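Numbered per the UniProt record's numbering, the first sequence spans residues 1 to 450.
Backbone N, C-alpha and C define an ideal beta-carbon position, used for all residues, glycine too.
What you are looking at is a predicted structure, and each value in this text was computed from that prediction instead of being measured.
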Amino acid sequence: MTAVLWLRRDLRLHDLPALLAAHEGGQVLPVFVVDPALLATAGPVRRAHLVAALEDLRESTDRALVVRTGRPEEEVPRLVRESGAGSVHVSRETTPYGRRRDARVAAALGDVPLVATGTPYAVGPGVVRKADGDPYRVFTPFSRAWRDHGSPPPAPPPARLRWRRGVATEELPGADGPPTHAVGEAAARERWAEFLDTDLARYDTARDRPDLDATSQMSVHLKYGTIHPRTMLADVAAHPAGRTEAARRYVTELCWREFYADVLWHHPASAWSDLNDGLRSMAYEDPAGTPAAHVRAWEEGRTGYPFVDAAMRQLRETGWMHNRARMVVASFLVKDLHVWWPHGARHFLAHLADGDLASNNHGWQWVAGTGTDAAPYFRVFNPVSQGERFDPAGDYVRRHVPELAHVPGAAVHQPWRVPDGLAHGYPERIVDHAAERAEALRRYESARAA
DNA sequence: TCAATGTTGGC
DNA sequence: CCAACATTG
Numbered sequence: 001m002t003a004v005l006w007l008r009r010d011l012r013l014h015d016l017p018a019l020l021a022a023h024e025g026g027q028v029l030p031v032f033v034v035d036p037a038l039l040a041t042a043g044p045v046r047r048a049h050l051v052a053a054l055e056d057l058r059e060s061t062d063r064a065l066v067v068r069t070g071r072p073e074e075e076v077p078r079l080v081r082e083s084g085a086g087s088v089h090v091s092r093e094t095t096p097y098g099r100r101r102d103a104r105v106a107a108a109l110g111d112v113p114l115v116a117t118g119t120p121y122a123v124g125p126g127v128v129r130k131a132d133g134d135p136y137r138v139f140t141p142f143s144r145a146w147r148d149h150g151s152p153p154p155a156p157p158p159a160r161l162r163w164r165r166g167v168a169t170e171e172l173p174g175a176d177g178p179p180t181h182a183v184g185e186a187a188a189r190e191r192w193a194e195f196l197d198t199d200l201a202r203y204d205t206a207r208d209r210p211d212l213d214a215t216s217q218m219s220v221h222l223k224y225g226t227i228h229p230r231t232m233l234a235d236v237a238a239h240p241a242g243r244t245e246a247a248r249r250y251v252t253e254l255c256w257r258e259f260y261a262d263v264l265w266h267h268p269a270s271a272w273s274d275l276n277d278g279l280r281s282m283a284y285e286d287p288a289g290t291p292a293a294h295v296r297a298w299e300e301g302r303t304g305y306p307f308v309d310a311a312m313r314q315l316r317e318t319g320w321m322h323n324r325a326r327m328v329v330a331s332f333l334v335k336d337l338h339v340w341w342p343h344g345a346r347h348f349l350a351h352l353a354d355g356d357l358a359s360n361n362h363g364w365q366w367v368a369g370t371g372t373d374a375a376p377y378f379r380v381f382n383p384v385s386q387g388e389r390f391d392p393a394g395d396y397v398r399r400h401v402p403e404l405a406h407v408p409g410a411a412v413h414q415p416w417r418v419p420d421g422l423a424h425g426y427p428e429r430i431v432d433h434a435a436e437r438a439e440a441l442r443r444y445e446s447a448r449a450a
């Protein structure tokens, strides 16, 4: 009997042990349904990573992968008919849209079961709850309960899968260029081993430094499911430095990803609207209105604040941005340019190769002061002092902003104070941070009063 | 109070 | 034809 293996971006073969157990003797038809809307909203770098991930998936299925463009509720039943399959296997969906879509597919399949096993999380969303059964809304108690809950060991890699062949496939979608980070299962394993060898031990001190390349860079691999967080947790626990503060810190960062998935599970509307009502009457600028030039300058890295601009250019050019920089540029859009956070979240999701709805949008809500555990609204990141503190030699700025290559050291964070600092085309500041910080606080006070 | 695309159902 | 609705990250 044939089983359809309906693969999604964030779950790969080694995460479906139930399928393997059920089909030791059968044939497996691996399928990926391309959603045109998904490609349409992706910027060029994000698209390049998606296409490369599909190419890797095709290789890791011995080129048996069948690609179809269309609506899953039509394409999946069609593939079942074409192959005579008796079941369809998927990962358990965790986003609100995904859950609705899977319900439609299950209905369209009729008697053929849609079997959901596996999750791209160590502990599935919706599992960790308070004693009274309610979900957590604060990270720290969630992380304790999550740690105490524990997670199953990683599933063994698949063995003896027999691929079903002869079902027509489309060509993979094309991309404008190669991805900027290697994607695929081999690349994920390679980077993970390198991180454990070189960067885990210094993770707690170096992780906040965008100039040092000391983060794990595992986000894109988690996004595409080419490594499972249970594998990572087991490897950290078994590592010589597994009991250190640095390792604990890394596990906490993995827990943030699980926490935000859990929040989205319980509050689907929080993807694109304020989770907390407190700032409902906040006055924001319309990004399509007069200050549109400001938003475009932010997107293109021309705000005149070097740390912000380096980060925004890193995003567009490489499809990735250091987490410290993500917080600073988000604060700049929301509190210096007074733009509602979903505008920024959308831009991030279009360009980040690792962009994940739950982590990205709740991270934005955290900065904007509307989310779980949110930073209080009056806490405004200073783009200059953040740069001086976390890029102390200015290397990060010069790496991404060539117009400032001639400014040495930390002076690069305030080129307007350097003779000839703006001589090679770097722009003047589009706003005055101190004035806009005060303006943000004024708006916050009147929103609270309302 | 996301933006962009695709679908539907009125005429 | 096009406005309203649905869908995606």
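- For L38, the uninterrupted alpha helix (DSSP H) segment begins and ends at 36–40.
- Bounds of any alpha helix (DSSP H) do not take in V334, whose DSSP letter is neither H nor E.
- The alpha-carbon separation between R399 and G289 amounts to approximately 33 Å.
- By the CB criterion at 7 Å, E185 and T226 fall inside the cutoff.
- The beta carbon of E75 sits closer than 7 Å to the beta carbons of V33, R68 from its chain, once the five residues preceding and following it are set aside; these are given in chain order.
- A Cβ-Cβ distance of about 14 Å is found for the pair M312 and F381, leaving them out of contact under the 8 Å criterion.
- Here DSSP, grouped into helix, strand and coil, assigns S143 to helix.
- Boundaries for H89: no alpha helix (DSSP H) harbours it, while the beta strand (DSSP E) harbouring it runs 87–90, taken from the DSSP string.
- Excluding its 5 nearest sequence neighbours in each direction, A214 has C-beta neighbours in its own chain below 8 Å: D199, R202, Y203, A206, R207, listed in chain order.
- Counting only runs of 3 or more residues that sit fully inside the stretch 37–80, the beta strand (DSSP E) segments are 66–69, in chain order.
- Closest by C-alpha distance to G363, out of A435, W256, H266, F142, is W256.
- Using a Cβ distance threshold of 7 Å, A350 and G98 do not count as a contacting pair.
- By the Cβ test, the stretch 293–312 is not in contact with the stretch 269–278, since fewer than three Cβ pairs between them sit closer than 8 Å.
- Between D134 and A375, the alpha-carbon positions lie close to 23 Å from each other.
- Spatial neighbours of R429 in its own chain (CB-CB distance under 8 Å, excluding positions within 5 residues in sequence) are listed in chain order as T303, G304, Y305, W416.
- Assigned with DSSP and collapsed to three states, W366 falls in helix.
- Here the stretch 240–259 makes contact with the stretch 118–136; the two share three or more CB pairs at distances below 8 Å.
- Sequence-distant partners of V112 (beyond 5 residues in either direction) whose C-beta falls short of 8 Å from its own C-beta, in its chain, are P77, V80, A85, G86, S87, V88.
- In this structure, DSSP gives E285 an extended state, which the three-state scheme calls strand.
- For R379, the secondary structure class from DSSP, reduced to helix, strand or coil, is coil.
- Distances from the CA of A440 to each of L333, D391, R189 were compared; the closest alpha carbon is that of L333.
- Going by DSSP, A261 is part of the alpha helix (DSSP H) stretching over 245–266.
- Judged by DSSP secondary structure, V220 falls within the alpha helix (DSSP H) whose first and last residues are 219–223.
- Annotation: W366 to K130 spans about 22 Å, alpha carbon to alpha carbon.
- Straight-line measurement puts the Cα of W320 at about 7 Å from the Cα of D354.
- Secondary-structure assignment with DSSP links A3 through a beta bridge to V28, S87.
- If you ignore the 5 residues before and after T370, its C-beta comes within less than 8 Å of the C-beta of D274, L275, N276, G278, L279, W341, all in its own chain and listed in chain order.
- Where L114 is concerned, there is no enclosing alpha helix (DSSP H), although the beta strand (DSSP E) around it starts and stops at 114–116.
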